[in-house]
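Below: the structure, in structure tokens.
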Amino acid sequence: MSTPTPEDAADRETASAQGSGLAAHGVSGHPSTPTARLVGALPVIVGFIALAIGVTVTQETYESVQSGRGAAAFDEPVQTWMVAHRTPWLDTVATWFTHLGGKVGMTILATVTVLALARRWRTWSPVLIMLWATAGSLTLTTLGKTLTARARPPAAQAVPPLETSASFPSGHTLNAVLVTSIIGYLVLLHVRSRRVQVLTWCGLALFATLIGLSRIYLGHHWLTDVIAGAAVGGAWAAAVILGHHLYLRLRADP
Numbered sequence: 001m002s003t004p005t006p007e008d009a010a011d012r013e014t015a016s017a018q019g020s021g022l023a024a025h026g027v028s029g030h031p032s033t034p035t036a037r038l039v040g041a042l043p044v045i046v047g048f049i050a051l052a053i054g055v056t057v058t059q060e061t062y063e064s065v066q067s068g069r070g071a072a073a074f075d076e077p078v079q080t081w082m083v084a085h086r087t088p089w090l091d092t093v094a095t096w097f098t099h100l101g102g103k104v105g106m107t108i109l110a111t112v113t114v115l116a117l118a119r120r121w122r123t124w125s126p127v128l129i130m131l132w133a134t135a136g137s138l139t140l141t142t143l144g145k146t147l148t149a150r151a152r153p154p155a156a157q158a159v160p161p162l163e164t165s166a167s168f169p170s171g172h173t174l175n176a177v178l179v180t181s182i183i184g185y186l187v188l189l190h191v192r193s194r195r196v197q198v199l200t201w202c203g204l205a206l207f208a209t210l211i212g213l214s215r216i217y218l219g220h221h222w223l224t225d226v227i228a229g230a231a232v233g234g235a236w237a238a239a240v241i242l243g244h245h246l247y248l249r250l251r252a253d254p
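Sequential numbering from 1 applies to the sequence shown in UniProt numbering.
Given below as structure tokens:
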């Protein structure tokens with residue numbers, strides 16, 4: 001019989017911590033009481049509700065853009081207000097945020113984060129989940145812009161550098177909401193400290209919000225572009241998280 005190594009003990013400790021985290025979020029084999037079954041079903045219920053809300057908001061926003069009524073009626077007033085309240089230092093801050101939320105910035109952020117989490121937790125699941133999520137977001141962004149072909153706000157009102165792709169939905173906002181949601185989910189899944197969970201989610205929510213606001217402030221997107229981007233990103237994140245949660249539940253069944 002071989003002697004256990006420190007690495008073996010560390011692996012068992014990591015697996016035990018992850019198992020406790022899964023159980024804390026309703027991922028277990030066979031709940032024994034009605035209350036336990038209800039608690040186990042809550043993540044699935046919340047996931048479906050989040051998905052439904054995201055899809056509904058996306059549909060309503062798209063119809064508003066097509067008709068020019070509803071939320072779309074606020075596009076020009078909000079844009080005018082943003083332009084009127086620009087300052088040099090805000091221009092710099094907003095440009096920094098919009099670069100961070102771009103393809104290069106968000107790719108670096110997502111890659112570094114999930115690789116660090118994968119190394120810390122000794123599992124490739126953060127990397128695989130993020131790859132699945134971002135592949136879908138790229139497809140949804142491209143499809144949405146192709147189908148709508150919406151013009152961006154007037155170039156004369158935009159802060160350089162200007163962008164030429166279609167305006168609806170905001171790809172920066174979509175990807176920011178998606179990536180932050182997936183990171184937040186991974187923290188909920190593996191970290192047991194409620195304080196760390198809450199602080200992480202608050203920080204991620206603030207980051208995604210600032211990305212969206214920067215797009216309107218700089219004149220690169222209309223308000224409804226950002227709303228749709230957040231809704232699509234949230235809906236796809238909910239679908240990915242729900243799919244992974246159901247996978248964990250199926251795998252946990254004996």
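Virtual Cβ for every residue (Gly too), placed ideally from N, Cα, C. Just so we're clear, the structure is a prediction, and the values are computed from it rather than from any experiment.
For residue 246 and residue 45, I'd like the C-alpha separation in whole angstroms. If you take the alpha carbons of residue 246 and residue 45, they lie about 11 Å apart.
Please identify the residue among 140, 200, 149, 190 whose C-alpha is closest to the C-alpha of residue 172. 140
For this session: Just list the alpha helix (DSSP H) runs in the region 74-141, keeping only unbroken ones of 4 residues or longer that don't cross its boundaries, in chain order.
Result: 75-84, 88-100, 103-121
- Query: Contact check, residue 186 vs residue 117 under 8 Å by CB: the rounded distance?
  - Reply: With a Cβ gap of about 6 Å, residue 186 and residue 117 count as contacting.
### Task
Provide the residue span of the alpha helix (DSSP H) that contains residue 236, from first to last.
223-252
Point to revise | Same chain, Cβ closer than 8 Å to residue 204, neighbours up to 5 away in sequence not counted | key: 180, 181, 183, 184
query: With a CB to CB cut of under 6 Å and the five nearest residues on each side skipped, what residues in its chain are close to residue 99?
result: 105
inquiry  = Can you check which of these residues, 215, 236, 233, is closest to residue 78 by C-alpha distance?
reply    = 215
- For residue 119 and residue 81, the rounded distance between their alpha carbons: 46 Å
### Query
Can we say the region 50-57 touches the region 123-141, given the rule of at least three CB pairs closer than 8 Å?
no
* Cβ separation of residue 145 and residue 165, assumed to be a contact under 8 Å, to the nearest whole Å -> 6 Å
Per DSSP, what kind of secondary structure is residue 150 in: helix, strand or coil? coil
Original post:
Mind checking whether residue 61 and residue 224 have CB atoms under 8 Å apart?
Top reply: With a cutoff of 8 Å on beta-carbon distance, residue 61 and residue 224 are scored as near each other.
Pairwise C-alpha distance: residue 75 and residue 233: In a straight line, the C-alpha of residue 233 is about 20 Å away from that of residue 75.
### Contacts around residue 158, its chain only, beta-carbon distance under 8 Å, and the 5 residues preceding and following it disregarded
152, 218, 219, 220
Pick from 250, 236, 243, 189: whose alpha carbon is nearest that of residue 274? Nothing in the structure corresponds to residue 274, since the chain is present only between 1 and 254.
Exposure of residue 336, with buried meaning 16 or more beta-carbon neighbours within 10 Å: The displayed coordinates of the chain run from 1 to 254. Any statement about residue 336 would go beyond what the structure contains.
Taking C-alpha atoms, which residue in 231, 161, 239, 250 lies nearest to residue 92? 161
*asked:* Nearest by alpha-carbon distance to residue 156: which of 63, 72, 83, 227 is it?
replied: Per the C-alpha coordinates, the member of 63, 72, 83, 227 positioned closest to residue 156 is 83.
* Are the beta-carbon atoms of residue 170 and residue 102 separated by less than 8 Å? -> no
Start and end residues, alpha helix (DSSP H) containing residue 195 | 194-217
Quick check: residue 212 and residue 226, are their CB atoms within less than 8 Å of each other?
yes
Q) Taking the continuous alpha helix (DSSP H) assigned at residue 174, which residues delimit it? A) 171-190
* To do: Go ahead and label residue 41 buried or exposed: buried means 16 or more other beta carbons lie within 10 angstroms of its beta carbon, across all protein chains shown.
  => exposed
- Item | DSSP-derived helix/strand/coil call for residue 60 | helix
- Out of 196, 128, 252, which has the shortest C-alpha to C-alpha gap to residue 295? Nothing in the structure corresponds to residue 295, since the chain is present only between 1 and 254.
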